[in-house]
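Undergrad:
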Amino acid sequence: MRSAVASQAIMVPPDSPHNYPGTLGNQPVAVNFHAGSHYVGLRLLEGYLPVEKIKLVHYGSPIHRFESMLNGEVAAAVVMEPWIALGEKLGCKTVAEGHYLGAENASEDMDEETFAAINRAVENAVDLINADKRKYLHYLIDDPSFAQAAAKYGGLTPEDFHLPRLRYTRPAVYTDEMVEDTYNWLTRWGLLSDLACSADLVDNRIAEPASADD
Amino acid sequence: MKKVVSEISGVVFSLPWLVAKDNGLFEAEGIDMEFVKAIRTGPVEHTENPEDVNPILGHVAFEQGQVSIYRA
Chain A
15 MRSAVASQAI MVPPDSPHNY PGTLGNQPVA VNFHAGSHYV GLRLLEGYLP VEKIKLVHYG
75 SPIHRFESML NGEVAAAVVM EPWIALGEKL GCKTVAEGHY LGAENASEDM DEETFAAINR
135 AVENAVDLIN ADKRKYLHYL IDDPSFAQAA AKYGGLTPED FHLPRLRYTR PAVYTDEMVE
195 DTYNWLTRWG LLSDLACSAD LVDNRIAEPA SADD
Chain B
4 MKKVVSEISG VVFSLPWLVA KDNGLFEAEG IDMEFVKAIR TGPVEHTENP EDVNPILGHV
64 AFEQGQVSIY RA
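Chains A and B, in that order, are what the protein sequence lines are. The numbering of the first sequence is this note's numbering, which starts it at 15 and goes up by one. The numbering of the second sequence is this note's numbering, which starts it at 4 and goes up by one.
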């Protein structure tokens, strides 16, 4: 698993009539299909709405999702940081939010020693970040793909972030149970062919079993 | 030093990697880490059908073998 336990939030404009997910039935919600916003959006909305009332629409990159929400083109958008912080700074409302896991995807020819060395470096970086998260927020704020777009909304400062939302843990392996649960969820939503076998999807052969979450 | 090329997409997902590189943590482990930015998508055709969208998204460099690791 990757070290970032990221968060995706369903956000609505400041003047939106929506204050919780249950009123978003048949309302367009902007996501990026086959990515975190898509999967977390479904996981959050299915707790409030019948499947047939969930209306996710592919809008691609975060800026397009965010701005389609802000200008009222869609009722809501699912975004991650630093777009959540920007939305909250602008008065947008988070109607639901969920953290989720992701993967480090390595090529088949990456050897165990190299992968272990990479993980040690990442683990040390995780420790640095968790010791002082605010110190590293400039990476998010100054990222060109965000900063240019955010500038027209006044940009962000480190004080605009809710630090507990940013969660980083030491890389760890996917358990069989996690893989099976995710496989079953994906096939139930038709997002993965049930002809695929869960054992074919994750190969933990070169991850370090000793690594554990903080 | 072992050369490794990694894709970087959303910064929030790769923050430890950026911090590791800037603080010499990869170098200390004998890794010469190079980052390649994921392809940024512009405006897309809106659809409600996930099957209309290629699930590879911007991770083209990995699919083409130009990078050996990415996170998603």
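Note that CB positions come from ideal geometry on N, CA and C, so glycine has one too.
Rounded to whole angstroms, what's the CA-CA distance from Arg134 (chain A) to Phe29 (chain B)? Just pull it up for me.
TA: Cα to Cα, Arg134 (chain A) sits roughly 8 Å from Phe29 (chain B).
Undergrad: Quick one: which residues of the stretch 34-57 of chain B get their C-beta closer than 9 Å to a C-beta of chain A? List them in chain order.
TA: If the cut-off is 9 Å between Cβ atoms, the stretch 34-57 of chain B has Ile34, Met36, Lys40, Arg43, Thr44, Gly45, Pro46, Val47, Glu48, His49, Thr50, Glu51, Asn52, Pro53, Glu54, Asp55, Val56, Asn57 near chain A.
Undergrad: Measuring CB to CB, does Met83 (chain A) end up less than 8 Å from Met25 (chain A)?
TA: Yes; because the gap between Cβ atoms is below 8 Å, this pair is in contact.
Undergrad: So does the stretch 71-82 of chain A actually touch the stretch 113-121 of chain A, counting three or more Cβ pairs closer than 8 Å?
TA: In short, these stretches do not touch, since the Cβ pair count stays below three.
Undergrad: May I have the straight-line CA-CA distance separating Val187 (chain A) from Met15 (chain A), to the nearest angstrom?
TA: Rounded to whole angstroms, Val187 (chain A) to Met15 (chain A) spans 6 Å at the Cα level.
Undergrad: Out of curiosity, what's the CA-to-CA distance linking Ala64 (chain B) and Ala75 (chain B)?
TA: Looking at the two C-alpha atoms, the distance is approximately 13 Å.
Undergrad: How many whole angstroms separate the CB atoms of Leu38 (chain A) and Leu56 (chain A), which I take to be in contact at a CB cut-off of 8 Å?
TA: Leu38 (chain A) to Leu56 (chain A), Cβ: 12 Å. No contact.
Undergrad: Check the C-beta distance from Val92 (chain A) over to Ser159 (chain A) and give it rounded, since I have them as a contact under 8 Å.
TA: Their Cβ separation, rounded to whole angstroms, is 17 Å, which puts Val92 (chain A) and Ser159 (chain A) out of contact at 8 Å.
Undergrad: Need the endpoints of the beta strand (DSSP E) that Asn74 (chain B) sits in, please.
TA: One detail in the question is off: residue 74 (chain B) reads as Arg in this sequence, not Asn. That run of the beta strand (DSSP E) goes 72-74.
Undergrad: If we define contact as Cβ-Cβ less than 8 Å, is Ala64 (chain B) a contact residue for chain A?
TA: No, because no Cβ of chain A sits closer than 8 Å to the Cβ of Ala64 (chain B).
Undergrad: Taking Ser12 (chain B) as the reference, which of A:Pro35, A:Ser30, A:Ala49, A:Phe129 has the closest Cα?
TA: With distances taken between Cα atoms, Ser12 (chain B) lies closest to A:Ala49.
Undergrad: Please name the residue or residues paired with Phe160 (chain A) in a DSSP beta bridge.
TA: In the DSSP output, where bridge partners are listed per residue, Phe160 (chain A) has none listed.
Undergrad: I need the boundaries of the alpha helix (DSSP H) containing Thr249 (chain A), first residue and last residue.
TA: With chain A covering only 15 through 228, there is no way to say anything about residue 249 (chain A).
Undergrad: Take Asn33 (chain A) as the anchor and find which of A:Tyr114, A:Leu151, A:Cys106 has the nearest alpha-carbon.
TA: Nearest of A:Tyr114, A:Leu151, A:Cys106 to Asn33 (chain A), Cα basis: A:Cys106.
Undergrad: Within a Cβ cutoff of 7 Å, which residues of the same chain sit near Glu10 (chain B), ignoring the five residues on either side of it in sequence?
TA: Hits under 7 Å: Val39, Ala41, His62, Ala64, Phe65, Val70, Tyr73.
Undergrad: Answer yes or no: does any C-beta atom of chain B fall closer than 8 Å to that of Glu191 (chain A)?
TA: Not closer than 8 Å to any Cβ of chain B, the Cβ of Glu191 (chain A) fails to qualify, so no.
Undergrad: To the nearest angstrom, how far is it from the Cα of Lys147 (chain A) to the Cα of Ser17 (chain B)?
TA: Their backbone Cα atoms lie some 14 Å apart in a straight line.
Undergrad: How big is the Cα-Cα spacing for Asp157 (chain A) and Val65 (chain A)?
TA: Their Cα atoms are separated by approximately 36 Å.
Undergrad: Which residue comes first and which comes last in the alpha helix (DSSP H) that contains Lys103 (chain A)?
TA: That run of the alpha helix (DSSP H) goes 97-103.
Undergrad: For Ile24 (chain A), which residues in chain B fall below 9 Å Cβ to Cβ?
TA: Under the 9 Å cutoff, chain B gives no residues; its nearest Cβ is about 17 Å from Ile24 (chain A).
Undergrad: Closer than 8 Å, CB to CB, is Glu111 (chain A) near chain B or not?
TA: Answer no: the Cβ-Cβ gap between Glu111 (chain A) and chain B never drops below 8 Å.
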